Amino acid sequence: MDSKINYIDFLKGFAIFMVVFGHVLQTYYSNFDQLFLFKLIYSFHMPFFMLISGYLANMSLQKSGCSFEKCITKKFIYLIIPFFSWYIIGLILQGNFVFVDLFYSLSFLLTHVDSGLWYLYILFVFYILLYFANKLKYKYGMLLVLFFILLMTEPIINILGIKLLKWYLIFFIIGMFLFEYQTKIKKIVSNYFEKLIYFVPAIFLLSLYFWEREFTRDSLFSGHVYLYGYKFIVAIFGMVTIFLLTQKLYKLIAVREIFDLFGKNSLKIYILNIIVIGLLHEYLKNDNQFLLFIIALLICYFIVFITSIVKKIKIVQILFGEFSRNKN
Numbered sequence: 129m130d131s132k133i134n135y136i137d138f139l140k141g142f143a144i145f146m147v148v149f150g151h152v153l154q155t156y157y158s159n160f161d162q163l164f165l166f167k168l169i170y171s172f173h174m175p176f177f178m179l180i181s182g183y184l185a186n187m188s189l190q191k192s193g194c195s196f197e198k199c200i201t202k203k204f205i206y207l208i209i210p211f212f213s214w215y216i217i218g219l220i221l222q223g224n225f226v227f228v229d230l231f232y233s234l235s236f237l238l239t240h241v242d243s244g245l246w247y248l249y250i251l252f253v254f255y256i257l258l259y260f261a262n263k264l265k266y267k268y269g270m271l272l273v274l275f276f277i278l279l280m281t282e283p284i285i286n287i288l289g290i291k292l293l294k295w296y297l298i299f300f301i302i303g304m305f306l307f308e309y310q311t312k313i314k315k316i317v318s319n320y321f322e323k324l325i326y327f328v329p330a331i332f333l334l335s336l337y338f339w340e341r342e343f344t345r346d347s348l349f350s351g352h353v354y355l356y357g358y359k360f361i362v363a364i365f366g367m368v369t370i371f372l373l374t375q376k377l378y379k380l381i382a383v384r385e386i387f388d389l390f391g392k393n394s395l396k397i398y399i400l401n402i403i404v405i406g407l408l409h410e411y412l413k414n415d416n417q418f419l420l421f422i423i424a425l426l427i428c429y430f431i432v433f434i435t436s437i438v439k440k441i442k443i444v445q446i447l448f449g450e451f452s453r454n455k456n
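What follows is the structure in structure tokens.
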């Protein structure tokens, strides 16, 4: 079990580094949307993160169930308190926060979830769905039904993160399935690894040529549905590629230690990376991709270092949703 947890931390670390590297490219690189490396990262990194979250959710479910306290109360503290708190902190740092507008700021966040740390909010909603689905005999069936219901909401409803919910729920469900059938999947991968390691990455890299971050007037696709269908296929090939790649990288001790460290601090890195990147915005504009890779690496290390110093301060624990964990 320990080796499995270590490998999951490694995958989380790799995923969060891709998130930071993607944000660095998006902020510091001119015309980033046309950059192949940016397309590569953005085609899979958050679906991959959500897939890992689904895997871990099912692992926790099998181990200790999904009581109201575990799936709702504790997840609210761990996810929603940081979601709202760091949005307000971000506004304060930007000089855009007025206390009398607190209600407006929070209501704006709920109607524009992607203006904040949306992953935390989306994951919390998934745990709410999981809590209710777990009370039914066919929990996967309920989640899939909810997914198809969400698919039909556009463009009728686009508040409370509906757009993000319907895109990422399927990856969360896939992650849960992977935990359920991991023995069979490992056997298949082991039997066909040498063929998959060449075939899947080749398909993934070729598919990026047509990948688009957003639907535009000049899009190659005739509508949102076709674009998102294509993005889903590309994301699957991308995640399989990364899984195959990390099988090799995990054997390299130095690389394993780096991503293991990042994985154990993935929430803190996710919360703080945008703030750090924003503060350095005026000084690090650059089109050197290798230099930006190093900058992303240093930002991750910096966040781990700073948070390790202040981690025992109660207000810091609350802001990172860790106070109840340490208390218990």
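Heads up: the sequence shown begins at 129 in the numbering used here, then just goes up one per residue. Cβ atoms here follow ideal geometry from the backbone N, Cα and C, with glycine treated the same way. Note that this is a predicted model, so its numbers are computed, not measured.
Own chain residues within Cβ distance below 7 Å of residue i, not counting five before or after
i, result
"K140", "I180, G391 and S394"
"G357", "none"
"V328", "F365, V368, T369 and L372"
"D137", "D388, G391 and K392"
"A363", "S171, F172 and P175"
"G423", "Checking the sequence shown, residue 423 turns out to be Ile, not Gly. Within the same chain, I423 has close Cβ partners V152 and L412."
CA-to-CA distance, residue j to residue i, given in whole angstroms
i, j, result
"P175", "Y232", "31 Å"
"F142", "G406", "22 Å"
"S213", "M187", "28 Å"
"I208", "K323", "43 Å"
"G193", "L221", "40 Å"
"E195", "S436", "The sequence given here has Ser at residue 195, not Glu. Roughly 31 Å separates the two Cα atoms."
"L336", "Y247", "24 Å"
"D229", "I216", "11 Å"
"V404", "K202", "28 Å"
"L400", "K263", "36 Å"
"K198", "Y259", "9 Å"
"S243", "N319", "44 Å"
"L184", "I434", "27 Å"
"N159", "L189", "43 Å"
"Q445", "K439", "6 Å"
"L237", "F338", "32 Å"
"A261", "Y354", "29 Å"
"V241", "Y296", "14 Å"
"L234", "E342", "26 Å"
"A330", "V432", "35 Å"
"H352", "F145", "29 Å"
"L245", "I298", "20 Å"
"K315", "I200", "35 Å"
"I397", "F430", "9 Å"
"I361", "Y255", "25 Å"
"L447", "F211", "9 Å"
"Y309", "I325", "21 Å"
"K191", "L163", "43 Å"
"L426", "I381", "19 Å"
"N414", "F421", "11 Å"
Neighbourhood of residue i by C-beta distance below 6 Å, restricted to the same chain and skipping five residues each side
i, result
"N416", "none"
"L111", "Residue coverage of the chain in this structure runs from 129 to 456, which leaves residue 111 outside it and unanswerable."
"M304", "G182 and N186"
"V147", "H173"
"M178", "Y296, F299 and F300"
Whole-Å CB distance - residue i paired with residue j, under 8 Å assumed
i, j, result
"G182", "F300", "4 Å"
"E340", "L333", "Not really, about 16 Å apart at Cβ, beyond 8 Å."
"L274", "L257", "6 Å"
"I287", "T239", "5 Å"
Proximal residues to residue i (C-beta, below 8 Å), its chain only, five neighbours per side dropped
i, result
"L165", "L153 and Q417"
"F492", "Residue coverage of the chain in this structure runs from 129 to 456, which leaves residue 492 outside it and unanswerable."
"G150", "F166, I169, Y170 and H173"
"H409", "T155 and Y156"
Enclosing alpha helix (DSSP H) for residue i [first to last residue]
i, result
"Q222", "I209 to Q222"
"W339", "Run containing W339: none; DSSP gives neither H nor E here."
"F299", "I290 to E308"
"Q375", "H352 to L377"
"D388", "I381 to K392"
"C428", "Q417 to V438"
"T239", "L230 to T239"
"H173", "H173 to S192"
"F254", "W246 to A261"
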